[in-house]
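Residue numbers for the sequence shown follow UniProt numbering, beginning at 1 and rising by one.
Have a look at the structure below, then the notes.
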Amino acid sequence: METREMRTVFINTLIETGKKDDRIVLIDADLGKAGATASFAQTFPERHINVGVAEANMIGVAAGLASVGKIPVAQTFGCFASRRVFDQFFISVAYAHLPVKLVGTDPGISAAFNGGTHMPFEDLGTMRLIPDLTIVEPSDPVSLAGLLPEVLAQQKPAYIRLYRKPLPVLYSEGEPFQIGKCKVLRQGGPNSVLLIALGGIMVQEALEAAKILEAQGISVTVIDVLTLKPIDAEGLLSAMKNARAVISCENHQIHGALGSAVAELMAEYRIYKPFGRIGIRDEFGQVGTEQWLKEHFKLDSRSIVEAATGLLQK
1 METREMRTVF INTLIETGKK DDRIVLIDAD LGKAGATASF AQTFPERHIN VGVAEANMIG
61 VAAGLASVGK IPVAQTFGCF ASRRVFDQFF ISVAYAHLPV KLVGTDPGIS AAFNGGTHMP
121 FEDLGTMRLI PDLTIVEPSD PVSLAGLLPE VLAQQKPAYI RLYRKPLPVL YSEGEPFQIG
181 KCKVLRQGGP NSVLLIALGG IMVQEALEAA KILEAQGISV TVIDVLTLKP IDAEGLLSAM
241 KNARAVISCE NHQIHGALGS AVAELMAEYR IYKPFGRIGI RDEFGQVGTE QWLKEHFKLD
301 SRSIVEAATG LLQK
């Protein structure tokens, strides 16, 4: 299966969009190599700002630029984009209704050898509390290239959770994407197990788990959430009503983000189905390879299969 580096797709898409809209400005916190921002800086030297290791200041600069008509894209590691600058982003950007696009890279276990200090297991739950904030997590290069221009076009703040490394291509070129709409990647039969996944790592694991379960005679539907906020309530509820069991899959704490959003929908709309959550269970990050971390935190396909078979026995 073809793979493409997500950070390269992000920057290339930002450059192409920037050629059409000179209001777009890229700000980074001394992560030019990690974020591949150098190519944007070379293309638009007057529209790139490196604020240094000063993330809170980066948000202030972004807010100032947005207040005079620019569309600032502020990029740093997800741990800094959420935990470190939450108050600045909440007050200077969201409260002021400014169209700053905050990009948090290295989501969850993808921080790997940077360890627990750099693993944002809580960024989505934290950012989801901010009123009227768009939150997206593309699952592959095509969805990233499709969603980024949509996010940039919105006259409101947004948080983009970005995996930097290569990911397999899941969608065909030209596939349309819309903020607030999920995609069905695998359609099961009636009364199938419903796997609701967010982000490239978990979508891949959900698809692999679906193959294993199908081999055992268990029908599976896999949904790629793509937008956590506003979540596609209509699409998810329709799939839930036809499901035998529901499992959320996220590279994040099970509290506050996708697992909570799905549970809230099921409770509010009285969807009485067996429900499980795959995600981090109230733990800090560890140092290790991505594969080891998936297995350690039970985010892998095997753990999803075990969760599904366990729910079906209830």
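Just so it is clear, CB atoms sit at the ideal spot from N, CA and C, and this is done for glycine as well.
Computed from a predicted structure; not experimentally measured.
According to DSSP, residue pairing for Tyr159 in a beta bridge involves Leu102, Ile135. In the three-state reduction of the DSSP assignment, Lys20 falls in the helix class. Taking all protein chains in view, the Cβ of His97 is surrounded by fewer than 16 other Cβ atoms within 10 Å, so the residue is classified as exposed.
Non-local C-beta neighbours of Pro149 in its own chain, meaning closer than 6 Å and more than five positions away in sequence, comprise Thr17, ordered along the chain.
Taken through DSSP and simplified to helix, strand or coil, His118 comes out as helix. If one requires a minimum length of 4 residues, the alpha helix (DSSP H) runs lying completely within the stretch 188 to 268 are 200 to 215, 233 to 241, 258 to 268, in chain order.
In the pairwise beta carbon analysis, the stretch 116 to 132 is classified as touching the stretch 86 to 106: at least three pairs are separated by under 8 Å. The C-alpha of Asn251 lies about 35 Å from the C-alpha of Asp22. Straight through space, the alpha carbons of Ala74 and Thr221 are spaced by roughly 36 Å. DSSP places Val25 within a strand segment (E or B) once states are collapsed to three. When secondary structure is reduced to three states using DSSP, Leu299 falls in the coil class, being assigned neither helix nor strand. Classified as buried, Ser139 has 16 or more neighbouring CB atoms from the shown chains inside 10 Å of its CB. A check of alpha carbon separations from Phe86 across Thr105, Lys70, Ile109, Ala56 identifies Ala56 as the nearest.
Pairing Leu170 with Leu14, the inter-Cα distance amounts to about 21 Å. DSSP places Thr289 outside both helix and strand once states are collapsed to three, so it counts as coil.
When beta bridges are read from the DSSP output, Phe275 appears opposite Val246. Ile109 carries a helical assignment under DSSP once its states are collapsed to helix, strand and coil. Taken through DSSP and simplified to helix, strand or coil, Ile91 comes out as helix.
Shown here for Gly78: same chain residues with a beta carbon closer than 7 Å to its own, the five before and five after excluded, namely Gly104, Thr105, Asp106, Pro107, Pro120, Asp123, Arg161 in chain order.
The alpha-carbon separation between Ala145 and Val9 amounts to approximately 7 Å.
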